[in-house]
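Trainee: Sharing a structure, written as C-alpha cells. Questions coming.
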Amino acid sequence: MKPISSQTALCRASARQCAQGSRVPAFVLFACLLLPAVPVAAQRVLSLDSCRAMALRNNKQLNIAELKQDVARDTRKAARTKYLPHVDVVGGYQFTSREISLLNDGQKSALGSLGTTAAGQISGTMSTVISDMAGQGIITPQTAEALGSIAGKLEPGISQAGNAVGQTIRDAFKTDTRNMFAASVMVTQPIYMGGSISAANKIAEIGERLAADDLAGRRQNIVYDVDNAYWTVVSLKHKKRLAESYLELVGKLSSDVSKMIREGMATKADGLKVDVKVNEAEMQLTQVDNGLALAKMLLCRLCGLPLDGGITLADEDRGDLSSPVEVEEGSVEAALENRAELKMLESTVGISRQTTRLIRAEYLPQVALTGGYLVTNPSLYNGFERKFSGVWNIGVVVRVPVWNWFESTYKIRASKMATSIARLELEDARDMVELQVSQSSFKVTEAVRKLELAKKSTEQADENLRCANLGFKEGVMDVTDVMAAQTAWLQACSQKIDADIDVKLSQTNLRKARGETIY
5 MKPISSQTAL
15 CRASARQCAQ
25 GSRVPAFVLF
35 ACLLLPAVPV
45 AAQRVLSLDS
55 CRAMALRNNK
65 QLNIAELKQD
75 VARDTRKAAR
85 TKYLPHVDVV
95 GGYQFTSREI
105 SLLNDGQKSA
115 LGSLGTTAAG
125 QISGTMSTVI
135 SDMAGQGIIT
145 PQTAEALGSI
155 AGKLEPGISQ
165 AGNAVGQTIR
175 DAFKTDTRNM
185 FAASVMVTQP
195 IYMGGSISAA
205 NKIAEIGERL
215 AADDLAGRRQ
225 NIVYDVDNAY
235 WTVVSLKHKK
245 RLAESYLELV
255 GKLSSDVSKM
265 IREGMATKAD
275 GLKVDVKVNE
285 AEMQLTQVDN
295 GLALAKMLLC
305 RLCGLPLDGG
315 ITLADEDRGD
325 LSSPVEVEEG
335 SVEAALENRA
345 ELKMLESTVG
355 ISRQTTRLIR
365 AEYLPQVALT
375 GGYLVTNPSL
385 YNGFERKFSG
395 VWNIGVVVRV
405 PVWNWFESTY
415 KIRASKMATS
425 IARLELEDAR
435 DMVELQVSQS
445 SFKVTEAVRK
455 LELAKKSTEQ
465 ADENLRCANL
475 GFKEGVMDVT
485 DVMAAQTAWL
495 QACSQKIDAD
505 IDVKLSQTNL
515 RKARGETIY
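When we follow the numbering used here, the leftmost residue of the sequence shown carries the number 5, and every step to the right adds one.
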C-alpha cells in the first residue's frame with residue numbers, strides 16, 4: 005500500500021483528470037474512497053504494564069546487571085572447585101651445548117690408557133721377579149731369558165686388551181644429556197589452607213546474592229521511573245485538553261465582548277483585557293504541547309522505543325483519573341527485610357568479614373597432599389639410557405609462616421575496621437529506610453486529602469464559572485469577574501489533575517520504599 009501522502013497526491017491528480025474529462029482507473033477511485041478511513045499516523049496504544057515490560061526488556065543497564073549475575077554464578081561455581089584435587093601436566097625439551105660428565109678429564113685419560121699402564125707395570129714386575137729368581141739360582145739364566153722373551157711378547161696384547169676395557173668403562177660413564185626430555189603428571193589435593201578456601205566460597209556465594217539484589221534494585225528503579233514518566237504524560241495530556249477548553253472559553257468570551265463593543269455595551273479596554281487572556285491561553289497551550297512532546301520522548305527512551313515514535317497511552321483519554329485509594333500504613337519491618345539496598349549492604353558486611361578470614365589464612369599453616377608420575381629421557385634409573393622411563397611419587401607439602409614483622413596483625417586489623425565501617429553504613433541505611441517509609445506513608449495520606457479538597461474546589465469552580473457566565477449574560481457582572489472565574493476554574497481543574505497524579509505516584513513511591521515487587 006502506498007503511503008498516505010502518496011495516496012492523497014494520487015487522489016488529487018485523479019480529481020484533476022476528472023475535471024478535464026479524462027478517464028480514471030477503477031483502483032484509483034477505490035483507493036480514494038478508502039482514504040478517509042485510514043488514520044493519518046499509526047498510533048501505538050500502550051498501557052502502564054506494557055511500558056514496564058518494554059522498559060525491563062530493553063534497558064541496557066538491566067541487561068548488564070543480568071550478565072553480572074551470570075558472572076557471579078560462574079565465579080561461585082569456580083570457587084567450589086578449590087575443594088577438589090587439581091591435575092597438572094607439564095612437559096618440556098631442552099638442548100644444551102655440553103653434556104653432563106661424571107668423570108673429569110684426568111680420569112677419562114687414565115681409563116683410555118688403562119691397558120698401556122697395566123701392561124707396563126706387569127712387564128716391570130715380571131722382569132724384577134725373573135731377575136730375583138735367576139739371582140737366587142732358582143732358575144737358570146737361559147730360563148730367565150726365555151721367560152723375559154715370553155713376557156715381552158705378552159705386553160702388547162695386555163696393553164691392547166686393557167685399553168679396550170678402559171675405553172668401555174669410559175663410554176659407559178657418558179650421560180648424553182645434550183637432548184633432554186621430561187614430562188610429569190602432578191595431582192594436588194588441599195588438606196588445610198587456613199580456611200582460605202571456605203572463605204573464598206562464602207565470598208562467591210555472597211557475591212551471587214549481591215548481584216541478584218542489584219538486579220532487583222535496578223528493576224524497581226526502572227519501574228519507578230517508567231511510572232513517573234507514564235503518569236507525567238497522562239497529566240500533561242489532560243492539561244492539554246484543559247488548556248484547549250480554557251482557550252475555547254476565553255475565545256468565546258472574546259467573541260461576545262467584541263459583539264458588545266460593536267453594540268456599545270462594552271469598552272475597548274474590556275476587549276484588550278480579554279485579548280490578553282486569549283494570548284496567555286495560547287501560550288499555555290503551546291507550553292503544554294512542548295512539555296507533552298518531551299515527556300513522551302522520555303517515556304519512549306525508557307521503553308527502548310524510537311524517540312519520534314508515535315505512542316498513545318491507555319489512560320490518556322480517561323475522563324477521571326481518580327480511583328479508590330486504600331491508605332495503608334508503611335510496614336518498616338517489611339521494608340527492612342525486602343529493600344534491595346539493605347540486602348546489598350548486608351552482603352557487603354558479609355564479604356568484609358570473609359575477607360578478614362581470607363587475610364588471616366595467608367599467615368596460617370597450609371598442608372597439601374601431592375602425587376604424580378615423572379618421566380625423563382635419558383632415563384636416570386638404569387644408568388643414562390636413551391629411552392623414556394619414569395617413577396611414581398607421593399608426598400605431603402607443609403607451609404608454615406614463621407615471621408613477617410607483624411604484617412598479618414596490621415592487615416587483619418585494617419580488614420576488621422573496614423567491616424566496622426560497612427556495619428555502620430548498614431545501620432545508617434536502616435535508619436534512613438525507616439524515615440523514608442514514614443515519609444512515604446504521610447505523602448500518601450496527604451495526597452488523598454489533597455485530592456478530596458481538589459474535587460471540592462473543582463465543583464465550586466464549576467458553579468462559580470456557571471454563575472459568572474450567567475451574570476455576564478444578564479449584565480450584572482463585568483468582563484473582569486468572568487475572567488477571574490475562568491482563571492479560578494482553570495487553576496482548580498489543574499490542581500485536581502495534579503492531585504490525581506500525586507496519589508498514584510505516592511502509592512508507587514510507598515511500594516518502592518517498602519521494597520515491594522511492583523512488577
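Cβ atoms here follow ideal geometry from the backbone N, Cα and C, with glycine treated the same way.
Based on the DSSP secondary-structure assignment, which residues constitute the bridge partners of T316?
Mentor: Taking the sequence shown and counting its residues from 1, one reaches residue 316 at position 312. V49.
Trainee: Using the C-alpha atoms, what's the distance from K500 back to H242?
Mentor: Reading the sequence shown from its first residue, position 238 is the one you call residue 242. Reading the sequence shown from its first residue, position 496 is the one you call residue 500. The alpha-carbon atoms of H242 and K500 are separated by roughly 10 Å.
Trainee: Please report the Cβ distance between G198 and Q370, rounded to the nearest whole angstrom; I am assuming they are in contact, meaning their Cβ atoms lie under 8 Å.
Mentor: Position 194 of the sequence shown, counting from 1, holds the residue named residue 198. Position 366 of the sequence shown, counting from 1, holds the residue named residue 370. The pair is a contact, with the Cβ atoms about 6 Å apart (cut-off 8 Å).
Trainee: Do the CB positions of L455 and D504 come within less than 8 Å of each other?
Mentor: Locating residue 455 in the sequence shown gives position 451, where the first residue counts as 1. Locating residue 504 in the sequence shown gives position 500, where the first residue counts as 1. Their beta carbons are under 8 Å apart, which means L455 touches D504 by this criterion.
Trainee: Write down the C-beta distance between S259 and D279 rounded to the nearest angstrom, noting that I regard them as a contact closer than 8 Å.
Mentor: Within the sequence shown, residue 259 is the residue found at index 255, counting from 1. Within the sequence shown, residue 279 is the residue found at index 275, counting from 1. Incorrect: roughly 11 Å between the Cβ atoms, too far for contact.
Trainee: Opposite H90 in the DSSP bridges: which residues?
Mentor: For the purposes of this step, residue 90 is taken as the residue at position 86 of the sequence shown. Paired residues: T192.
Trainee: From the DSSP output, which residues share a beta bridge with F476?
Mentor: Taking the sequence shown and counting its residues from 1, the one referred to as residue 476 is at position 472. Note: F476 sits in no beta bridge, so no partner.
Trainee: Below 7 Å CB to CB, which residues in the same chain sit around P40 once its five sequence neighbours on both sides are set aside?
Mentor: Against the sequence shown, residue 40 aligns to sequence position 36. Low per-residue confidence applies at P40: pLDDT is 41, beneath 50, and the placement is therefore not dependable enough to give any value.
Trainee: In angstroms with no decimal places, state the Cα-to-Cα distance between S202 and D53.
Mentor: Mapped onto the sequence shown, residue 202 falls at position 198. Mapped onto the sequence shown, residue 53 falls at position 49. About 44 Å.
Trainee: Let me check one thing: in DSSP terms, what residues is L311 bridge-paired to?
Mentor: Against the sequence shown, residue 311 aligns to sequence position 307. The partner list for L311 (beta bridge, DSSP) is empty, contrary to what the question assumes.
Trainee: Does the stretch 415-424 come into contact with the stretch 357-365, if we say contact requires no fewer than three beta-carbon pairs (one atom in each stretch) closer than 8 Å?
Mentor: Yes, since at least three Cβ pairs between the stretch 415-424 and the stretch 357-365 fall closer than 8 Å, the two stretches touch.
Trainee: Can you look up W396 in the DSSP assignment and give me helix, strand or coil?
Mentor: The sequence position of residue 396 within the sequence shown is 392, counting from 1. Strand at W396.
Trainee: Along the chain, where does the beta strand (DSSP E) containing V371 start, and where does it finish?
Mentor: Taking the sequence shown and counting its residues from 1, the one referred to as residue 371 is at position 367. V371 -> beta strand (DSSP E) spans 370-381.
Trainee: Output yes or no for whether 8 Å exceeds the beta carbon distance between G103 and R174.
Mentor: The count along the sequence shown starts at 1 and reaches residue 103 at position 99. The count along the sequence shown starts at 1 and reaches residue 174 at position 170. According to the sequence shown, residue 103 is Glu rather than Gly. Result no, Cβ atoms of E103 and R174 do not sit closer than 8 Å.
Trainee: Taking the alpha carbon of A204 as the reference point, which residue from A488, V94, E366, W493 has its own alpha carbon closest?
Mentor: The sequence position of residue 204 within the sequence shown is 200, counting from 1. The option with the nearest alpha carbon to A204 is E366.
Trainee: Please state whether DSSP places A270 in a helix, a strand or coil.
Mentor: As a first step, residue 270 must be located in the sequence shown, where it is residue number 266. The answer is coil: DSSP assigns A270 none of H, G, I, E or B.
Trainee: How is N342 classed by DSSP in three states: helix, strand or coil?
Mentor: For the purposes of this step, residue 342 is taken as residue 338 along the sequence shown, with counting starting at 1. Looking at N342 - three-state DSSP - the assignment turns out to be helix.
Trainee: Rounded to whole angstroms, how far is the Cβ of V404 from the Cβ of S393, which I believe are closer than 8 Å?
Mentor: What you label residue 404 is simply residue 400 of the sequence shown in a count that begins at 1. What you label residue 393 is simply residue 389 of the sequence shown in a count that begins at 1. At roughly 35 Å, the Cβ-Cβ gap does not stay under 8 Å, so V404 and S393 are not in contact.
Trainee: By Cβ distance below 8 Å, which residues in the same chain neighbour F388 in space, the five residues on each side in sequence not counted?
Mentor: Numbered from its first residue, the sequence shown carries residue 388 at position 384. So the qualifying residues of the chain are K178, T179, D180, T181, P382.
Trainee: Please determine, among V402, A339, T316, L494, the residue with the shortest C-alpha to C-alpha distance to V49.
Mentor: Walking along the sequence shown from the start, residue 49 turns up at place 45. Taking only the C-alpha atoms, the option nearest V49 is T316.
Trainee: Taking DSSP as the reference, what is the three-state secondary structure of Y1?
Mentor: Any question about residue 1 goes unanswered here, given that the chain covers just 5 to 523.
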